[in-house]
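**Q** When you number the sequence shown by UniProt numbering, it's gap-free, plus one each residue, and the end is 1102.
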Amino acid sequence: MKAKRIDSSIWEQFRDEIVALYQRQTLKQTMNTMEERHGFKATENQYTTKIKAWGLEKYANSTMWMYVDQKTKKRKLEGKDSVFHIRGRKRSKKSIEREISRNVTYTSQAQLLEDIPTPEGIQVSTPCDKSLPIALRQVYTDNLPWFEFQRDVREMMTQVGVPRLNPGDDMVDQSSSQHKLLHSSHSTTEMLKGAFGLSANSGPPHGYGNMINMDTGSINDLSNLSFRKHTFGKVLPSALYVPLSDLGGLSPSIFGSNEMIHQSNALHIFMEYFVYMVNNGTLDPSYIAKGLEFLSRNCESSLLPVLLGRHSVSVKIFMRKIFPSIVYSGNTGIAKAIIDSGIDMSNYRYPPRGYSIEHNHCMSIAVGNEDHKMVELLCKEKFATEIGSGIAIKLPWDLGNLDILRTLLLFGADPERFVLNRARGFPLIDAAASGNLEAVYMLLEAGANVNSYAPDHYGTALQAATYHKHLKVARLLIEQGADVNVTYRTQRQIPLHAIGMPEYSPFGIAVERNDISLVQLLIANGAYVGGCVANEVAYSHGPGRCPLHNAIENENADLADFLLFSGADINCRNGFRCGDTPLQAAVRRSHLQMVNFLLQRDADVNAAPATSSGLTAIQAAAQSGNIDIVRVLLENNADVNAPAGHSGGLTALQASIINRHPLMAGALYAAGANLNAPPAHSGGFTAIQAAAWIGDLDLLKDLIDWGAEINGPTSEKSGFTVMEAATLSKNMSILGFLVENGVNINASSSESKVSRCLAMAASRDWLDGVEYLLEIGADLGGHYYFDEDSEYFLKYNALGWSIYHENITIMTILLDAGADVYGPVNTFDECALSMGLASAKSRQTTRLLLSKYQDLEKVCRENNIIECAIDIGVQDFEIFKMLHNAIKGLPKDVYDDQIQETWNILPMGTCYVEDISFTQELMELFLKSGVDINSRDNHNTTALHRALESDQTHVFKYLVEKGAEINTPATSGIGTPFQAAIRAENIEIVSFLLERGADINAAPAEIRGITALQAASINGMTGLAIELLRRGASVSEPAARKDGRTAINGAAEHGKHDMLQLLLNHYDGDEDITVVCDVAATYAEKEGHVEIAEWLRKYSVV
């Protein structure tokens, strides 16, 4: 179907905007933008035809670039620099060089004998003279919103009962157009002391955390005022953030250093700063609330109603941002007045870049304050009936009465979902957990699903009520159809940190909580009582005890009898068919009464052990040393020689020995226990290995006398030979006894394949054991770890353990015995030197190990030993000198790599060192070794970048003084040092670089890069932006290629109203200002800056 024709007058109406959009967007994006903004629909062919008819080409062709190349060279010979505008766009020098390299070849240059005519769409001019004094560049600020607000302050203060300023004290005189950037490290506190005429040494701020001591302070406490940037939590000098006029315009100097500040002046200044900080996002909500309270306390009449009479954009922004604090204060009158003033708060949301929902969600604040009147007002004004669920927020059923819950439900709150960021059904479940019967009833009446399941929060409402033993709530829920067998019917994935017991059925919970009344209620209503936890998913969350187990562990014989009568399996397993039986569990806890109870009801006395660390009943009794239970079990035909469980299991005899019950061991031997029963498959011991492990020489002798095999087998996994077990007990007598009785000294466990005795002795830091084992020929190569159950365990060989313990004596003995310094000494595959630097960090250890390396090159080709020392935190400069001297003689390529790789982690690698001279000494060492101070690492950062990133200002300055280039160009992802300093809001470095000629117009990084002015704009550093504009910064510099923002769009996106006005005052681009503002408005709107978006769309140049 042929597209509908669009009249040419309509095309002309949108021409400027289409051209502006097409210059920076794809054709498809341009079409979508026009449709979204104006409902203008045209086909791609229609757009293409019209763009061609307008003579608009987005990209320059090769002929154009040949002309640019020729023209640039010709003008250069004439001593002229050049600025090119191509297709209406100013092109940067960097982009021109890039396009010439792509489009102009040596051959094409050679073929050009005559000048190329100027192609259509290209303009060339001479740039402005940047050598002009900076003071001659004027910046217009009279119309900044903050200054305009200052002009309103006098009238407003008069209306609220504060007298006008005296003549001559005018703080908003903007007659001068010059602005001075105050390169100051002082906080706003100190700056305001000067402004008030107080002495500079009148005392430090009373804490940078508070803007002012507004809890009890009067206006004369303004000397405590400070500016804390919430994003970083550090105090920043206001001069680079607040747009300062001439000093006479901001700082009344009529007060002597000892004079009291007149309240009207103080209130003016406080009000101005307070509004500026609120509107530009430099105060968090708690400070906003304190500021409002302070103003109210120090004004004779209500300030905010008068302020509402001002209809400026600044006031609207201010009102929107203070609204949560007004809600917090409980002043429904002011809240209503703000809404009635035309500021639509019903869609209020703090921008995503702001604070957490608990602080700024108005309905949450009102509910948390138990403020029913405010909740009612917000509901009537169509605020969302949703609340947060953070720790600071009280939920409606936790309050003294239920009026708030009733109101929320009346105004349409979803009974399933009105608590934000929680699972469906959370309100009913949490109300049931609280035991609030009326709240539960109200939610059910409003339509809450009685069986909604929250896997991280109790499960269902019935599970929650049962967990907290709320019988009446449980009864109501069952009457309303609650599933009494939830989790038995459906597999549930349970989070690891769930609240309550969501993996258990209500019945299982009731038994575990030992509540007979709830048990009876649930059984009467059909609860299933015959099994364990529901399924494997539930068991994966925890141990999973079935109801009968819980009754046994609670020693509740009546409940256990009731469960058995109701059909529970007396031999059911804990967990998912793999845990203890009730009898085994009772024996483990030495509950003799419950053991007899179960045996009398025919519990299986020889039931197999659990899969992991399981024990039969008699094995469990032997482990606990309870001879009475062992006697009862033997009387009931318990098998004294039942084999050990698969993993971590023990026979009865092995269990008695490993748990140091020698009398029990003797009794079991007398009862026929097998002395040579094999160990468990994993983590087991033979009887003789167990005796050696606990260091019981007498028992060991008895076992051998009775016929125990001294060289018996080890477990397939995590087993120990008898020599290894003896070594770990640090018992020299046992070691000697074993050797005398023919033990295999270097026997290995099934898993390790090599004896670990020497490594074990070193792990215990046992010098005598190490010397003895070396004397009898123990293997040097085995590795051992402290704790195989730990997630982070490390295996070390003997040398590794001696380094770990920094035991020079053992280390020397092992090295003299031939310990390998080149091979890995731990599971990180570190050689001895690398581990020595990481673990010991001592000169003695380093010197000893270095002396043992005949071929250090071999080590250094695989490891950077100096970088390793930095990585693990060595802070002794002498060690670095030692290492540096050691590598001096290596081949040049190895030496250079060691030096450069180490330089590439400085100074970030030493940012933890408190001694600020240490890093400089280290860097000096490498600079003297020939490293390039401006070299870049694999991430394209220089040492300057890394000093800035690690907040080491002293190192940054040191590097500059040493000749580091401050204007290194941006790369694909890394900006210039100056851009990075502004982005990081490191004001000291920003000032330092400005004083040394930092390039303020340097091109940004291609990915997420920002120019200096763009960075200042995004951060709201209005004072710095003024200085950059004075020095010639361009507002219209394009955004970075990927994820970049122009200065105007960045300021709009971050809600910086004053910054936007400043930038628009000095907009120097070719794009129509209306289009620029419209695009910026889109960014502002997306982030919730509604008033700024509206202001931008109505903006016009005066």
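A virtual CB, placed ideally from N, CA and C, is assigned to each residue, including glycine.
Please tell me whether tyrosine 67 and isoleucine 18 are closer than 7 Å, where the distance is taken between their beta carbons.
**A** For this step, residue 67 is matched to residue 67 along the sequence shown. For this step, residue 18 is matched to residue 18 along the sequence shown. Going by C-beta atoms, tyrosine 67 is not nearer than 7 Å to isoleucine 18.
**Q** Please classify asparagine 459: does DSSP put it in a helix, a strand, or coil?
**A** Residue 459 sits at position 459 when you count from the first residue of the sequence shown. The question names asparagine, but residue 459 is glycine in the sequence shown. The answer is strand: DSSP assigns glycine 459 an E or B state.
**Q** Terminal residues of the continuous beta strand (DSSP E) containing lysine 795?
**A** Residue 795 sits at position 795 when you count from the first residue of the sequence shown. Residues 795-797.
**Q** Determine the DSSP secondary structure at isoleucine 776, reduced to helix, strand or coil.
**A** Within the sequence shown, residue 776 is the residue found at index 776, counting from 1. In this structure, isoleucine 776 counts as coil in the three-state DSSP scheme.
**Q** For threonine 72, which residues of its own chain have a beta-carbon under 7 Å away from its beta-carbon, when the five flanking residues on both sides are left out?
**A** Taking the first residue of the sequence shown as 1, we reach residue 72 at position 72. Excluding sequence neighbours, threonine 72 sits near Ser82.
**Q** Quick one, which of Leu437, Thr385, Val632 and Asp430 has its alpha-carbon nearest aspartate 414's?
**A** As a position in the sequence shown, residue 414 is number 414, starting the count at 1. Among Leu437, Thr385, Val632 and Asp430, the Cα nearest to that of aspartate 414 belongs to Thr385.
**Q** Does the Cβ of tryptophan 706 have 16 or more other Cβ atoms within 10 Å, making it buried, or fewer, making it exposed?
**A** Here residue 706 is taken as the residue at index 706 of the sequence shown, counted from 1. Exposed, because fewer than 16 other Cβ atoms sit within 10 Å of the Cβ of tryptophan 706.
**Q** Give the range of the beta strand (DSSP E) segment to which isoleucine 509 is assigned.
**A** Mapped onto the sequence shown, residue 509 falls at position 509. First-last for isoleucine 509: 506-512, but that is the alpha helix (DSSP H), not the beta strand (DSSP E).
**Q** Would you check if the distance between the CB atom of alanine 461 and the CB atom of alanine 498 is smaller than 7 Å?
**A** Taking the first residue of the sequence shown as 1, we reach residue 461 at position 461. Taking the first residue of the sequence shown as 1, we reach residue 498 at position 498. No; because the gap between Cβ atoms is not below 7 Å, this pair is not in contact.
**Q** Nearest-angstrom Cα distance between proline 145 and proline 907?
**A** Here residue 145 is taken as the residue at index 145 of the sequence shown, counted from 1. Here residue 907 is taken as the residue at index 907 of the sequence shown, counted from 1. Their backbone Cα atoms lie some 42 Å apart in a straight line.
**Q** Using a 10 Å radius around the Cβ and a threshold of 16 neighbouring Cβ atoms, would you call residue 1103 buried or exposed?
**A** Nothing can be reported for residue 1103, as the shown portion of the chain is limited to 1 through 1102.
**Q** From Ser62, Tyr287 and Phe147, pick the residue whose C-alpha is nearest to that of threonine 105; which is it?
**A** Residue mapping note: residue 105 aligns to position 105 of the sequence shown, counting from 1. Cα-wise, what sits closest to threonine 105 is Ser62.
**Q** Can you give me the Cβ contacts of leucine 408 inside the same chain, cut-off strictly under 6 Å, excluding the 5 residues immediately before and after it?
**A** Here residue 408 refers to the residue found at position 408 of the sequence shown. Here the set comprises Thr385.
**Q** Classify isoleucine 516 as buried or exposed, calling it buried when 16 or more other Cβ atoms lie within 10 Å of its own Cβ.
**A** Sequence index remark: in the sequence shown, residue 516 carries index 516 (1-based). Flag for isoleucine 516 reads exposed.
**Q** Would you tell me roughly how many angstroms separate the C-alpha atoms of tryptophan 838 and leucine 814, rounded to the nearest one?
**A** Numbered from 1 along the sequence shown, position 838 holds the residue referred to as residue 838. Numbered from 1 along the sequence shown, position 814 holds the residue referred to as residue 814. Here residue 838 turns out to be alanine, not tryptophan, going by the sequence shown. For alanine 838 and leucine 814, the distance between alpha carbons rounds to 19 Å.
**Q** Taking the C-alpha atoms as reference points, what is the distance between leucine 236 and isoleucine 987?
**A** If you number the sequence shown from 1, residue 236 lands on position 236. If you number the sequence shown from 1, residue 987 lands on position 987. With a pLDDT of 48 at leucine 236, under the threshold of 50, the modelled position of that residue is not reliable, and no figure is offered here.
**Q** Mapping the DSSP letters down to three states, classify asparagine 826 as helix, strand or coil.
**A** One-based indexing of the sequence shown puts residue 826 at position 826. Asparagine 826 falls in the strand class under three-state DSSP.
**Q** For alanine 454, which beta-bridge partners are listed by DSSP?
**A** Numbered from its first residue, the sequence shown carries residue 454 at position 454. For alanine 454, which the question treats as bridged, DSSP gives the partners Gly459.
**Q** Please confirm whether any heavy atom of the ligand COA lies closer than 6 Å to the CB of valine 124.
**A** In the structure on display, the ligand COA does not appear, and there are no ligands present to speak of.
**Q** Identify, in the order they occur along the chain, each residue of the same chain with its Cβ nearer than 7 Å to the Cβ of valine 955, setting aside the five sequence neighbours on each side.
**A** Looking up residue 955 in the sequence shown gives position 955. For valine 955, where only same-chain residues beyond five positions count, the Cβ hits under 7 Å are Pro907, Thr919, Gln920 and Ala947.
**Q** To which residues of the same chain is proline 119 closer than 7 Å at the C-beta, ignoring the five residues directly before and after it?
**A** On the sequence shown, residue 119 is found 119 positions in, with the first residue counted as 1. Correct list, in chain order: Thr63, Met64 and Tyr67.
**Q** From which residue to which residue does the alpha helix (DSSP H) around tyrosine 669 run?
**A** Numbered from 1 along the sequence shown, position 669 holds the residue referred to as residue 669. From DSSP, the alpha helix (DSSP H) with tyrosine 669 extends over 662-670.
**Q** Just to confirm, are leucine 1063 and alanine 1047 a CB contact at a threshold of 7 Å?
**A** Position 1063 of the sequence shown, counted from the first residue, corresponds to residue 1063. Position 1047 of the sequence shown, counted from the first residue, corresponds to residue 1047. Their beta carbons are under 7 Å apart, which means leucine 1063 touches alanine 1047 by this criterion.
**Q** Give the range of the alpha helix (DSSP H) segment to which tyrosine 67 is assigned.
**A** For the purposes of this step, residue 67 is identified with residue 67 of the sequence shown, where counting begins at 1. It spans 62-77 - the alpha helix (DSSP H) in which tyrosine 67 sits, taken as one unbroken run.
**Q** Could you tell me the distance, in whole angstroms, from the CA atom of alanine 670 to the CA atom of serine 750?
**A** Numbered from 1 along the sequence shown, position 670 holds the residue referred to as residue 670. Numbered from 1 along the sequence shown, position 750 holds the residue referred to as residue 750. Approximately 31 Å between the Cα atoms of the pair.
**Q** What residues match up with lysine 717 in a beta bridge as DSSP calls it?
**A** Within the sequence shown, the letter at position 717 stands for residue 717. Per DSSP, Ser682.
**Q** Whose C-alpha, out of Ile974, Glu479 and Asn436, is nearest the C-alpha of valine 450?
**A** Residue mapping note: residue 450 aligns to position 450 of the sequence shown, counting from 1. Taking only the C-alpha atoms, the option nearest valine 450 is Glu479.
**Q** Just verifying my parser: in three-state terms, what is the DSSP assignment at isoleucine 387?
**A** Mapped onto the sequence shown, residue 387 falls at position 387. It is a strand residue.
**Q** Give me, in chain order, the residues of the same chain whose beta-carbon lies closer than 6 Å to that of asparagine 940; leave out the 5 immediate sequence neighbours on both sides.
**A** Position 940 of the sequence shown, counted from the start, is the residue given in the question as residue 940. If we look at asparagine 940 and ignore the five residues flanking it on each side, its Cβ neighbours are Thr971 and Ile974.
**Q** Enumerated in chain order, which unbroken segments of the alpha helix (DSSP H) with a length of 4 residues or greater are wholly contained in the region 915-943?
**A** Fully enclosed alpha helix (DSSP H) runs of 4 or longer: 916-928.
**Q** Using 7 Å as the threshold, is the C-beta distance between isoleucine 866 and glutamine 898 below it?
**A** Here residue 866 refers to the residue found at position 866 of the sequence shown. Here residue 898 refers to the residue found at position 898 of the sequence shown. Taking 7 Å as the Cβ cut-off, isoleucine 866 and glutamine 898 qualify as a contacting pair.
**Q** Counting along the chain, where does the alpha helix (DSSP H) carrying histidine 38 start and finish?
**A** Position 38 of the sequence shown, counted from the start, is the residue given in the question as residue 38. Start and end: 27-38.
**Q** Would DSSP call valine 419 helix, strand or coil?
**A** Against the sequence shown, residue 419 aligns to sequence position 419. If DSSP states are grouped into helix, strand and coil, valine 419 belongs with the strands.
**Q** Let's see if you can read the secondary structure: which residues bound the alpha helix (DSSP H) around histidine 549?
**A** Numbered from its first residue, the sequence shown carries residue 549 at position 549. 547-553 is the extent of the alpha helix (DSSP H) around histidine 549.
**Q** What residue does the alpha helix (DSSP H) around histidine 954 start on, and which one ends it?
**A** The residue given as residue 954 occupies position 954 in the sequence shown. 953-961 is the span of the alpha helix (DSSP H), which, as asked, contains histidine 954.
**Q** Mind checking histidine 38: buried by the 16 CB within 10 Å criterion, or exposed?
**A** In the sequence shown, residue 38 corresponds to position 38, counting from 1. By the neighbour-count rule (16 or more Cβ atoms within 10 Å), histidine 38 is not buried but exposed.
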